[in-house]
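Undergrad: Mind having a look at this structure? Questions to follow.
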Amino acid sequence: MSDIMRAAANEGAPAPGMQTSGAQPDATAISDLAHTPEADYPAAPWRMSGQFWAGVFRGTVAAQLPGDLKPLGSRYWRVVALVRYQTGTLVYDELLFGTPTRHGLRVGVYVEGLWVDSVASLWGGRRIWGLPKLLARFTWEGSVCHIADHAGPIVTLSVNQRPSSLPPLPLTTAGIGRLGDNWAFVYTPMRARLGAAQMRARDWSPRFAATAGTLGERPWLGLMANPMRVSFPPPTLA
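The C-terminal position of the sequence shown is numbered 237 in numbering that gives the first Met the number 0, with every residue numbered one higher than the one before it.
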């Protein structure tokens, strides 16, 4: 379990009466992993379409990476990604928090925190790719998304929701999970129309303070893929 997940246990309960949208679990399902019953999930590959926003923030605390992972660039960089998978294998929202990392010649985002609003996505992500998914609520108010879990608010993000008019381009993103004694590299081919994310962050949870410090409101680099199509094949183990 990452330090971010441990810190979440020290926060208060979420505020009642929040209105949610998308593939939300019921209120009783927003719990820690020990109280989230295991569920069936689709086999890889998963193929989905939707919207994607990412920002690179600079923290004030250097990342402490496990094992033989090394930082890719600055140890102070943190990647935040917000995704809406709207059609395909599963339909759900997702928030990722991680550090750009390398393992030898392989590169990717080491996933420190990952929240979804689908129980099937949670268990599929953990069992297939070794990703530390937990449940959260994603509450959208226009272009603003409030994300909270059983321990309280995680972060509030505002993003550019206007579809890009640029021609679609192929690209690949990469995340790093852990399966047993192996690093699990999740290479995800994507075809997307790219644009400016215009991401802004506020109400960061205190759980990020120990591992990232102060992250601020504006990323120094942001990217939107809207619309996008992505495929999640089985992981590459190393």
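Glycine included, C-beta positions come from ideal geometry on N, C-alpha and C.
All of these numbers come straight from a predicted model, not from anything done at the bench.
1) Quick one: what's got a C-beta closer than 6 Å to P218's C-beta in the same chain, skipping five residues either side?
2) Could you round the C-beta distance between I175 and L94 to whole angstroms and report it? I think they count as a contact, below 8 Å.
3) By how many angstroms is the C-alpha of W128 removed from the C-alpha of A14?
4) Exposed or buried, which one is N225 when buried takes at least 16 other CB atoms within 10 Å?
5) Only counting the same chain, and skipping five residues up and downstream in sequence, which positions put a Cβ closer than 7 Å to that of E43?
6) Under 8 Å: do the region 190-209 and the region 143-158 share three or more Cβ pairs, one atom per stretch?
7) Give me the Cα-Cα distance between P70 and T100, rounded to the nearest whole angstrom.
8) Can you tell me the Cα-Cα spacing of W76 and D31, whole angstroms?
9) CB-CB under 6 Å to S48, same chain, minus the five flanking residues each way: which ones, in chain order?
10) Could you check the C-alpha separation between L130 and R161 for me, to the nearest Å?
11) For S120, count neighbouring Cβ atoms within 10 angstroms of its own Cβ and tell me buried if that reaches 16, exposed if not.
12) In three-state DSSP terms, what is T210?
13) Mark S164 as exposed unless 16 or more other C-beta atoms lie within 10 angstroms of its C-beta, in which case mark it buried.
14) Using a Cβ-Cβ cut-off of 8 Å (strictly less than) and excluding sequence neighbours within five positions of L178, which residues of its own chain qualify?
TA: So, to answer that:
1) On the sequence shown, residue 218 is found 219 positions in, with the first residue counted as 1. Here the set comprises G54, V55, F56, M198.
2) Position 176 of the sequence shown, counted from the first residue, corresponds to residue 175. Position 95 of the sequence shown, counted from the first residue, corresponds to residue 94. Wrong, their Cβ atoms sit about 17 Å apart, outside the cutoff.
3) On the sequence shown, position 15 is the one that residue 14 refers to. On the sequence shown, position 129 is the one that residue 128 refers to. Confidence at A14 is low in this model, with a pLDDT of 37, below 50, so the placement of that residue is unreliable and no value is reported for it.
4) Stepping through the sequence shown from its first residue, residue 225 is reached at position 226. Buried is the call here.
5) By one-based count along the sequence shown, residue 43 stands at place 44. The amino acid at residue 43 is misidentified as Glu; the sequence shows Ala. Close CB contacts of A43 within its chain, under the 7 Å cut and outside five residues either way in sequence, are with I127, F231, P232, P233 (chain order).
6) yes
7) For this step, residue 70 is matched to residue 71 along the sequence shown. For this step, residue 100 is matched to residue 101 along the sequence shown. Taking the straight line joining both Cα atoms gives about 4 Å.
8) Residue numbering aside, residue 76 sits at position 77 when the sequence shown is read from its first letter. Residue numbering aside, residue 31 sits at position 32 when the sequence shown is read from its first letter. Roughly 27 Å between the two C-alpha positions.
9) To locate residue 48, count along the sequence shown from 1; it is residue 49. These residues qualify, in order along the chain: T86, G87, R228.
10) Residue numbering aside, residue 130 sits at position 131 when the sequence shown is read from its first letter. Residue numbering aside, residue 161 sits at position 162 when the sequence shown is read from its first letter. A direct Cα-Cα distance of roughly 30 Å separates L130 from R161.
11) Indexing the sequence shown from 1 puts residue 120 at position 121. Buried.
12) The residue labelled residue 210 in the question sits at position 211 within the sequence shown. Three-state result, T210: helix.
13) What you label residue 164 is simply residue 165 of the sequence shown in a count that begins at 1. Exposed, by the Cβ-count rule.
14) For the purposes of this step, residue 178 is taken as residue 179 along the sequence shown, with counting starting at 1. Taken in chain order, the residues that qualify are W128, G129, P234, L236.
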